[in-house]
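Enquirer:
2 protein chains.
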Amino acid sequence: MSNAVEIPFSTTILVRDTCLCLHVQRAARALARLFDDALRPVGLTNGQFSLMMSLNRPEPPPMGPVATLLAMDQTTLTAALKPLQRRGWVNVTQNAKDKRRRLLSLTPEGKAVLAAAVPIWESTHASLEDALPDGDMGRLRRDLQALA
Amino acid sequence: MSNAVEIPFSTTILVRDTCLCLHVQRAARALARLFDDALRPVGLTNGQFSLMMSLNRPEPPPMGPVATLLAMDQTTLTAALKPLQRRGWVNVTQNAKDKRRRLLSLTPEGKAVLAAAVPIWESTHASLEDALPDGDMGRLRRDLQALA
DNA sequence: CTAATTTCTATTGATATCAATGTAATTAGT
DNA sequence: ACTAATTACATTGATATCAATAGAAATTAG
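As you go down the protein sequences, you meet chains A and B in turn.
Per full-length UniProt numbering, the very first residue in the first sequence carries number 1; after that it's consecutive.
Per full-length UniProt numbering, the very first residue in the second sequence carries number 1; after that it's consecutive.
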């Protein structure tokens with residue numbers, strides 16, 4: 001027989017107030033909503049914007065490095081590409097030199113959508129800087145980078 | 001006819017390096033994996049741990065305030081509760097005084113699972129503090145809170 | 001005291017996320 | 001060259017996330 005287990009309420013308060021994972025997930029959801037709302041007129045989510053922006057390179061990258069850059073699982077990237085391919089914004093082609101690799105590139109339509117999104121990103125991000133104490137933005141980014 | 005649109009590569013670099021939303025999503029994914037891995041032995045994800053911990057209260061809370069605390073959509077909370085109910089770790093009952101409301105509470109089994117998870121959380125979180133420069137943890141939390 | 005409004009939650013459909021697993025292509029070891 | 005190990009990616013199944021919508025219960029306006 002197992003005794004009844006009681007976690008002290010003080011432990012709950014401690015976790016609630018100090019858990020960095022919780023705080024980051026909370027902020028991630030809030031920021032996702034903020035950018036999703038702002039980008040909705042051009043038909044992009046925050047994640048799609050970041051992904052497509054990371055594909056705007058002189059040379060089309062393969063999937064692995066893109067997944068690493070975004071700190072996401074490779075299978076997540078595979079799934080995330082599908083709606084973008086379906087809309088004709090991203091092309092996925094095979095690398096002739098190494099047939100395991102896929103090369104990811106933006107279509108002209110994809111570039112147009114992304115270009116329309118840039119000013120939205122700029123204004124949204126600017127409003128975000130106002131929400132943080134002066135100078136915290138840079139340090140915040142460095143701290144976040146230390147976690148990823 | 002539409003001209004070809006070219007977003008300067010420098011813009012891509014700027015967004016990649018400065019976008020707070022991207023940085024937070026990256027950190028959120030990395031921390032989620034870290035805690036998911038650590039909590040796997042007790043059968044919890046980071047989100048389930050945070051949710052269940054937020055239910056460890058003297059009085060069972062309704063859904064609205066819990067969703068607000070976690071900064072998540074109410075429909076997300078409804079979905080997140082389902083696997084926990086199915087496993088018999090969380091009870092969802094009706095409030096007799098206001099039949100619209102559901103009261104969320106942990107079962108004894110749920111409390112036992114949560115109790116087993118607490119030491120895992122403690123050690124994982126401690127290792128996390130080592131990854132950050134001294135004193136950054138508190139300020140990081142405050143900055144994140146300003147965003148949510 | 002009824003009707004309109006507000007509050008609280010559930011359902012549906014789409015995308016996001018990851019673990020586990022499988023497969024094809026390349027590389028390394030012999 | 002042949003086999004073993006590695007690399008790069010896809011598929012499946014489960015959970016997470018939110019918008020849009022709908023429903024029921026409670027509150028408020030009149």
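Cβ coordinates follow ideal geometry from the N, Cα and C atoms, glycine included.
These numbers come from a predicted model, not from an experiment.
#1: Using CA atoms only, rank isn't needed, just tell me which of B:H23, B:R100 and B:T78 is closest to V90 (chain B).
#2: Taking the straight line between their C-alpha atoms, what separation do you get for A96 (chain A) and G47 (chain A)?
#3: Just to confirm, is the Cβ distance from P41 (chain A) to R102 (chain A) under 8 Å?
#4: Can you have a look at D134 (chain B) and say buried or exposed, based on whether 16 or more other CB atoms are within 10 angstroms of its CB?
#5: Taking Cβ to Cβ, would you say A38 (chain B) is nearer than 8 Å to T124 (chain B)?
#6: Quick one, are the C-beta atoms of A131 (chain B) and A71 (chain A) less than 8 Å apart?
#7: Of all the CB atoms in chain B, is at least one closer than 8 Å to the CB of V118 (chain A)?
#8: What are the residues that DSSP puts in a beta bridge with N91 (chain B)?
#9: Could you work out which residue in A:V92, A:S50, A:A67 and A:H23 is closest to W121 (chain A) when comparing CA atoms only?
#10: Can you list the residues of chain A that S123 (chain B) reaches, using a CB-CB cut of under 8 Å?
#11: Tell me which residue opens and which closes the alpha helix (DSSP H) that V5 (chain B) is part of.
#12: Determine the extent of the alpha helix (DSSP H) in which P65 (chain A) is found, giving its start and end residues.
#13: Grab me the residues of T75 (chain A)'s own chain with a C-beta within less than 7 Å of its C-beta, minus the 5 sequence neighbours each way, in chain order.
#14: Output yes or no for whether 8 Å exceeds the beta carbon distance between A27 (chain A) and L34 (chain B).
#15: Classify T98 (chain B) as helix, strand or coil using the three-state DSSP reduction.
#16: Short of 8 Å in beta carbon distance, which residues of its chain neighbour G88 (chain A), apart from the five on each side in sequence? Order them along the chain.
#17: Could you confirm whether any beta carbon from chain A is found closer than 8 Å to the beta carbon of D136 (chain B)?
#18: Quick check: what's the CA-CA separation for R142 (chain B) versus A126 (chain A)?
#19: In angstroms with no decimal places, state the Cα-to-Cα distance between V5 (chain B) and L14 (chain B).
#20: Applying a beta-carbon distance threshold of less than 8 Å, which residues of chain A neighbour D130 (chain B)?
Expert: On the basis of the coordinates in this document:
#1: B:T78
#2: 29 Å
#3: no
#4: exposed
#5: Contact: yes.
#6: no
#7: yes
#8: B:S105
#9: A:S50
#10: None at all; the shortest Cβ gap to chain A is about 13 Å.
#11: From DSSP, V5 (chain B) is part of no alpha helix (DSSP H); its letter is neither H nor E.
#12: Element bounds for P65 (chain A): M63 to L69.
#13: none
#14: For A27 (chain A) and L34 (chain B), no; Cβs fall outside 8 Å.
#15: The displayed chain sequence assigns Asp, not Thr, to residue 98 (chain B). Three-state DSSP puts D98 (chain B) in coil, outside helix and strand.
#16: Result list for G88 (chain A): T107, E109 and G110, in chain order.
#17: Yes, D136 (chain B) counts as interfacial toward chain A.
#18: 19 Å
#19: 18 Å
#20: Under the 8 Å cutoff, chain A gives no residues; its nearest Cβ is about 11 Å from D130 (chain B).
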